[in-house]
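Asks: This is the structure I want to talk about, given as structure tokens.
Residue numbers (the numbering used here): 20 to 181.
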């Protein structure tokens with residue numbers, strides 16, 4: 020997805036994770052609103068960044084997420100809008116989240132359960148052209164969703180917004 024000039028990758032990653040979990044649990048395929056999280060999570064900084072954990076806390080306290088059609092993405096210019104005072108009805112709710120630590124545990128989760136929201140160093144993404152990336156940094160600056168893993172070859176497949 021295209022987040023435009025807004026640093027809302029954390030909201031997109033959290034939204035994608037909630038969409039995936041809702042689909043896994045209910046069988047429905049909701050398209051949820053990253054804009055709702057970008058504008059309404061007061062513990063994060065909208066287009067200036069945030070953390071997926073804060074997004075999950077917000078969604079839980081808000082009682083769920085609206086569909087993207089009810090709360091469309093408008094922050095692509097780089098300016099975070101104002102949270103709607105009266106939110107449309109929610110399409111998907113969560114009761115919490117859990118943190119998985121360690122690459123092996125994360126790979127096991129992706130293989131057995133499904134996608135996982137992760138934050139990583141994306142500096143090498145700018146020069147990526149094709150194939151498997153072999154450069155891994157340590158400065159966390161971008162959030163994506165891990166959708167697959169090949170433990171034998173040692174690589175991850177990620178769903179990215181930019």
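Every residue gets a Cβ at the ideal spot worked out from N, C-alpha and C, and that includes glycine.
(1) Strictly by DSSP, which residues pair up with residue 176?
(2) Who are the Cβ neighbours of residue 23 in its own chain at under 6 Å, not counting the five residues just before and after it?
(3) Relative to the alpha-carbon of residue 70, which residue among 139, 83, 105, 80 has its alpha-carbon at the smallest distance?
(4) Short of 6 Å in beta carbon distance, which residues of its chain neighbour residue 48, apart from the five on each side in sequence? Order them along the chain.
(5) How far does the alpha helix (DSSP H) with residue 59 in it extend, from its first residue to its last?
(6) Alpha carbon to alpha carbon, how far is residue 111 from residue 56?
(7) Check this for me: beta carbons of residue 62 and residue 76, under 9 Å apart or not?
(8) Alpha carbon to alpha carbon, what distance is there between residue 141 and residue 173?
(9) I need the boundaries of the alpha helix (DSSP H) containing residue 34, first residue and last residue.
(10) Could you check whether residue 181 and residue 144 sit closer than 9 Å to each other, using their CB atoms as the reference points?
(11) Using CA atoms only, rank isn't needed, just tell me which of 177, 73, 156 is closest to residue 29.
(12) Let's test the definition: count the other Cβ atoms within 10 Å of the Cβ of residue 113 and tell me whether it reaches 16, buried, or not, exposed.
(13) In the DSSP assignment, find the unbroken alpha helix (DSSP H) run with residue 158 in it and report its ends.
(14) Across the region 121 to 140 and the region 97 to 105, are there enough close Cβ pairs to call them in contact, namely three or more that are closer than 8 Å?
(15) Contact check, residue 97 vs residue 25 under 8 Å by CB: the rounded distance?
(16) Would DSSP call residue 110 helix, strand or coil?
Replies: On the basis of the data shown:
(1) Here the question's residue 176 lines up with position 157 in the chain shown. DSSP lists 167 as partners of residue 176.
(2) Translated into the one-based positions of the chain shown, residue 23 becomes position 4. Excluding residues within five positions, the ones whose Cβ falls inside 6 Å are 95.
(3) Residue numbering aside, residue 70 sits at position 51 when the chain shown is read from its first letter. Comparing Cα-Cα distances from residue 70 to each of 139, 83, 105, 80, the minimum goes to 139.
(4) In the chain shown, residue 48 corresponds to position 29, counting from 1. Around residue 48: 42.
(5) In the chain shown, residue 59 corresponds to position 40, counting from 1. Run containing residue 59: 53 to 59, per the alpha helix (DSSP H) assignment.
(6) The sequence position of residue 111 within the chain shown is 92, counting from 1. The sequence position of residue 56 within the chain shown is 37, counting from 1. If I take the Cα positions, the gap works out to 13 Å.
(7) Translated into positions along the chain shown, residue 62 becomes position 43. Translated into positions along the chain shown, residue 76 becomes position 57. A contact, by the Cβ cut-off of 9 Å.
(8) Within the chain shown, the letter at position 154 stands for residue 173. Within the chain shown, the letter at position 122 stands for residue 141. Straight-line Cα distance between these residues: approximately 18 Å.
(9) Position 15 of the chain shown holds residue 34. Where residue 34 is concerned, the enclosing alpha helix (DSSP H) stretches over 28 to 45.
(10) Taking the first residue of the chain shown as 1, we reach residue 144 at position 125. Taking the first residue of the chain shown as 1, we reach residue 181 at position 162. It is a contact, given that the beta carbons lie within the stated cut-off.
(11) Numbered from 1 along the chain shown, position 10 holds the residue referred to as residue 29. The residue with the shortest Cα to Cα distance from residue 29 is 73.
(12) Numbered from 1 along the chain shown, position 94 holds the residue referred to as residue 113. Buried.
(13) For this step, residue 158 is matched to residue 139 along the chain shown. Here residue 158 belongs to no alpha helix (DSSP H), and DSSP marks it neither H nor E.
(14) no
(15) If you number the chain shown from 1, residue 97 lands on position 78. If you number the chain shown from 1, residue 25 lands on position 6. About 5 Å; that satisfies the 8 Å criterion.
(16) Reading the chain shown from its first residue, position 91 is the one you call residue 110. DSSP places residue 110 in strand when its eight states are reduced to three.
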